[in-house]
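Enquirer: Mind having a look at this structure? Questions to follow.
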Amino acid sequence: MKKTAIIILSDPKAGSEEALGRVFNALASAYEFKHEGQDVKIIFQGTGIRWPEQLEKPEHPVNALYKEVKNHVHGLSKGCVAVFGTEVSGYELLNDNEVPGTPGLPSFVNLKKEGYEILIF
């Protein structure tokens, strides 16, 4: 089975069409992989850790799509949550890459070892 990890880095605070376009395309890709029966993980990292709080809002234009793929959210970068801050209720904090001076980040090496292709948005 093919495996894909989708990393979302775009920042909702940018308020730009580009940021919205990136998260939309990331989630649309996850939706497509899901419907092909492929293993897909969504990881929010960098300022992208701010997206789930926004996407949970029913009035957000990407809310319906987010609800379709939410069960594929693997988690948020623990180190990025520590630096940028956000509401993380219900989300796993990923920290298997023990970067000095941080509480840890998601490990791309581990994802590759597990057979995941990595897409970054």
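Under the working numbering, think of the first position of the sequence shown as 2, with each following residue one higher. For every residue, glycine included, the Cβ atom is placed at its ideal position computed from N, Cα and C. On a predicted model such as this, the values are computed, not experimentally measured, just so you know.
1) For Ser-108, I'd like the list of residues in its chain whose CB is within less than 6 Å of its CB, leaving aside the five on either flank, ordered along the chain.
2) Could you check whether Leu-77 and Val-63 sit closer than 8 Å to each other, using their CB atoms as the reference points?
3) According to DSSP, is Gly-49 part of a helix, a strand, or is it coil?
4) Rounded to the nearest angstrom, how far is the Cβ of Lys-205 from that of Val-70, given a contact under 8 Å?
5) Using the Cα positions of Leu-94 and Lys-79, report the straight-line distance between them to the nearest angstrom.
6) Please work out which residues of its chain come closer than 6 Å, Cβ to Cβ, to Leu-31, disregarding the five sequence neighbours upstream and downstream, and give them in chain order.
Expert: Let's see:
1) Counting from 1 along the sequence shown, the entry for residue 108 is found at position 107. Closer than 6 Å at the Cβ level, and outside the excluded window around Ser-108, lie Asp-97, Asn-98.
2) Reading the sequence shown from its first residue, position 62 is the one you call residue 63. Reading the sequence shown from its first residue, position 76 is the one you call residue 77. Not closer than 8 Å, so no.
3) By 1-based counting over the sequence shown, the position of residue 49 is 48. Note: Gly-49 maps to helix in three-state DSSP.
4) Look at the range of the chain in this structure, 2 to 122, and you will see that residue 205 is not part of it.
5) Locating residue 94 in the sequence shown gives position 93, where the first residue counts as 1. Locating residue 79 in the sequence shown gives position 78, where the first residue counts as 1. Cα-Cα distance, rounded: 5 Å.
6) Counting from one through the sequence shown, the residue named residue 31 turns up at place 30. The sequence given here has Ala at residue 31, not Leu. So the qualifying residues of the chain are Ile-7, Val-41, Ile-43, Val-70, His-73.
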